[in-house]
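**Student:** Got a structure for you, questions after.
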Amino acid sequence: MGLRRRFIHAGFCAFSMLAISAPAHAISVDEARTALDAILMQSGISATEIDARVVNGDAVEMVFDDISLDLTGYATPRQLVMDDVHVTVRDTDTAGQLDLDVKLPEKANMLADATSDQREIGLRNAGGYLRWDTARNVPVTFDGFADFLVGEEPVTRKHWMLNGLIIQWLPEMARIAWQAAEWTGPNREKRGAIKSTNFTLYPGKDGTTHLDYSHDGLWLPSLLQPRTVRLKTSSAGLPWSEARPIIEKGFHDILTGTAPRFARRQIGDALWKKAAQNGAPVKVDEFYIESRGLEALGSGEFMAQAAARYGFTGDFDFRLLGQDKLVDLLGTPDSPTILGALVPFAVNGLAAGRPGPQGTTEYDGQLLPDGRVVVNGLTVFRTADGS
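So for the sequence shown, this note's numbering puts the first residue at 21; every next one is plus one.
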């Protein structure tokens with residue numbers, strides 16, 4: 021799914037139309053070309069200009085072929101290529117800023133040395149809006165979208181596809197969302213699907229960094245599937261003023277050709293280092309998980325620590341509804357099922373619960389620096405070396 025990133029960079033968001041410095045004027049073809057050249061160079065994109073003309077008296081429409089963007093973060097070199105990209109450039113009411121409206125073609129390709137790494141990309145109504153600061157040569161806001169996006173490997177016929185992709189960067193928010201995603205293995209063997217996903221980062225009223233994540237309708241070929249997840253976290257020790265540059269760089273990397281998994285890891289590592297350096301807790305304000313008749317609702321508080329086995333220590337609590345279904349599936353410590361024998365820590369953790377109100381089962385847990393997980397005073401998980 022690394023492709024979605026670049027096409028988006030060809031253009032994104034002009035939702036901040038509040039400034040009133042100087043009235044917008046009709047931009048010339050030369051002004052538009054100079055701005056586009058700077059943006060393409062900044063983004064590592066090569067392109068051939070096919071046409072440039074004034075439209076509607078105050079904007080310039082440009083057409084590019086031979087669009088090429090090197091993709092990074094993959095095991096082998098890859099490149100995204102496409103033709104017939106339309107960019108409309110307009111002046112704004114803010115001095116030194118331009119708005120770009122980008123429309124992408126219906127076909128693109130990911131090129132690679134190995135045929136199995138190549139992808140044929142299908143797009144529908146894909147593109148976006150970009151407000152660009154010409155003085156600093158950086159994006160101010162962007163809003164990328166695609167009604168439909170599919171990547172297909174031509175030999176094995178593996179594919180991934182999704183609908184309703186949105187990628188936004190605004191001064192006070194970063195968001196990625198999509199709907200109806202599906203991915204397959206060779207010969208279109210279904211490997212997973214999800215109805216909707218939303219990932220948002222934003223500042224709280226006190227300047228803290230907040231992260232909201234949710235997904236619905238997850239299907240995986242396994243017995244345990246978190247079909248619905250809601251997660252709300254915040255950190256006073258990670259102010260938005262410090263998190264924003266990290267997030268902005270990560271989004272820019274995704275939009276200019278970095279593999280999403282690789283970029284996400286970079287963002288996560290940088291935020292973790294900042295949280296560990298500041299020494300303040302990361303709060304899980306609320307989490308909710310639903311899976312095959314099971315529901316869990318809880319919260320927690322964690323500290324980022326370099327010396328901790330898994331990078332964090334902390335406390336959490338949650339209430340479980342549907343424990344009897346898990347017992348049927350996993351068994352008990354004295355009489356586990358075959359599945360329970362494969363995951364004894366899950367069986368132990370299940371047995372450590374205590375009766376709560378209205379048929380729920382309550383758990384209080386700890387993640388210790390040595391990696392052990394303790395639930396209601398019972399160690400339910402320890403690392404392979406016995407710590």
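Ideal placement from N, C-alpha and C gives every residue a C-beta, glycine not left out.
Using 8 Å as the threshold, is the C-beta distance between A295 and G257 below it?
**Tutor:** In contact: A295 and G257 (Cβ atoms closer than 8 Å).
**Student:** If you drop the 5 nearest sequence neighbours on each side, which residues of the same chain put their C-beta closer than 7 Å to that of V368?
**Tutor:** Sequence check: residue 368 is Asn here, not Val. Cβ within range, chain order: P353, L398 and V400.
**Student:** Taking 8 Å as the cut-off, decide whether the C-beta atoms of T112 and D119 are in contact.
**Tutor:** It is a contact, given that the beta carbons lie within the stated cut-off.
**Student:** Below 7 Å, is the gap between the Cβ of I287 and the nearest heavy atom of the ligand ZN?
**Tutor:** In terms of ligand content, the structure shown is empty, and the ligand ZN therefore cannot be addressed.
**Student:** Exposed or buried, which one is V395 when buried takes at least 16 other CB atoms within 10 Å?
**Tutor:** Counting Cβ neighbours within 10 Å, V395 comes out buried, since at least 16 surround it.
**Student:** Could you give the DSSP three-state label for G420: helix, strand or coil?
**Tutor:** It is not possible to answer for residue 420, since the shown part of the chain is limited to 21 through 407.
**Student:** Bridge partners of D85, per DSSP?
**Tutor:** T68.
**Student:** Could you spell out where the alpha helix (DSSP H) holding I267 opens and where it closes?
**Tutor:** W260 to L275 is the extent of the alpha helix (DSSP H) around I267.
**Student:** Using only alpha-carbon positions, find the residue among G77, V75 and H106 that is nearest to D86.
**Tutor:** Of the listed residues, the one whose Cα sits closest to D86 is H106.
**Student:** Tell me whether G288 is buried or exposed, calling it buried when 16 or more other Cβ atoms sit within 10 Å of its Cβ.
**Tutor:** Exposed, by the Cβ-count rule.
**Student:** Using the C-alpha atoms, what's the distance from E81 back to R73?
**Tutor:** When rounded, the distance between both Cα atoms is 6 Å.
**Student:** Determine the burial state of I358: buried for a count of at least 16 other Cβ atoms within 10 Å of its Cβ, exposed for fewer.
**Tutor:** Per the 10 Å Cβ criterion, exposed.
**Student:** In terms of residues, what are the limits of the beta strand (DSSP E) holding P223?
**Tutor:** Looking at the DSSP string, the run of the beta strand (DSSP E) that includes P223 is K210 to P223.
**Student:** Rounded to whole angstroms, what's the CA-CA distance from Q245 to R402? Just pull it up for me.
**Tutor:** The alpha-carbon atoms of Q245 and R402 are separated by roughly 23 Å.
**Student:** For R110, count the other beta carbons within 10 Å of its own beta carbon; 16 or more makes it buried, fewer makes it exposed. Which is it?
**Tutor:** It is buried - the Cβ of R110 has at least 16 other Cβ atoms within 10 Å.
**Student:** Near R392, what residues of its chain come up, given a Cβ to Cβ distance below 6 Å and the 5 sequence neighbours on each side ignored?
**Tutor:** Once the five neighbours on either side are set aside, the close Cβ partners of R392 are T399 and R402.
**Student:** So R98 is in the beta strand (DSSP E); what residue range does that whole segment cover?
**Tutor:** R98 to M102 is the span of the beta strand (DSSP E), which, as asked, contains R98.
**Student:** Suppose the cutoff is 7 Å on Cβ atoms and the five residues either side in sequence are ignored; what does the same chain contact list for G224 look like?
**Tutor:** For G224, where only same-chain residues beyond five positions count, the Cβ hits under 7 Å are H230 and S254.
**Student:** By Cβ distance below 8 Å, which residues in the same chain neighbour A326 in space, the five residues on each side in sequence not counted?
**Tutor:** Answer for A326: A296, listed in chain order.
**Student:** Considering only the alpha carbon of each residue, which of R151, G299, T380 and D153 lies closest to L341?
**Tutor:** Checking every option, the nearest Cα to that of L341 belongs to T380.
**Student:** If you draw a straight line from the alpha carbon of D344 to that of L243, how long is it in whole angstroms?
**Tutor:** Computed Cα separation, rounded: 16 Å.
**Student:** When you compare the CB positions of G142 and K123, do they come within less than 8 Å of one another, or not?
**Tutor:** Contact: no.
**Student:** Mind checking whether F162 and G148 have CB atoms under 8 Å apart?
**Tutor:** It is a contact, given that the beta carbons lie within the stated cut-off.
**Student:** When burial is assigned at 16 or more other CB atoms within 10 Å of the CB, is S41 buried or exposed?
**Tutor:** Only weak support exists for where S41 lies, its pLDDT of 38 falling under 50; the coordinates are left without a value.
**Student:** What is the residue span of the beta strand (DSSP E) that N298 lies within?
**Tutor:** No beta strand (DSSP E) contains N298, which is instead part of the alpha helix (DSSP H) from P280 to N298.
**Student:** Where do the N-terminal and C-terminal ends of the beta strand (DSSP E) with V158 fall, by residue?
**Tutor:** Looking at the DSSP string, the run of the beta strand (DSSP E) that includes V158 is V158 to E172.
**Student:** For the beta strand (DSSP E) that S319 lies in, which residues bound it at each end?
**Tutor:** First-last of the beta strand (DSSP E) with S319: L314 to A324.
**Student:** Can you tell me the Cα-Cα spacing of P356 and S136, whole angstroms?
**Tutor:** Each residue's Cα considered, the two are about 42 Å apart.
**Student:** Straight-line CA distance for R211 to T204?
**Tutor:** Cα to Cα, the separation comes out at about 5 Å.
**Student:** Establish whether the CB of Q62 and some CB of chain D are separated by less than 8 Å.
**Tutor:** Here there is only one protein chain, and chain D is not present.
**Student:** Thinking just about the alpha-carbon of each residue, which of M193, H272 and R247 is nearest to the one in S261?
**Tutor:** The shortest C-alpha separation from S261 is found at M193.
**Student:** Taking the alpha-carbon of D348 as reference, which of A371, Y330 and D335 has the nearest alpha-carbon?
**Tutor:** Comparing Cα-Cα distances from D348 to each of A371, Y330 and D335, the minimum goes to A371.
**Student:** For T108, collect the residues of the same chain with a Cβ closer than 6 Å to its Cβ; drop the 5 residues on either side in sequence, then sort them by chain order.
**Tutor:** Here the set comprises A79, E81 and D121.
**Student:** Express the C-alpha separation of D57 and I266 in angstroms, rounding to a whole number.
**Tutor:** Spanning the two alpha carbons is a distance of roughly 26 Å.
**Student:** Buried or exposed: which applies to T114, given that a residue is buried once 16 or more other Cβ atoms fall within 10 Å of its Cβ?
**Tutor:** That one is buried.
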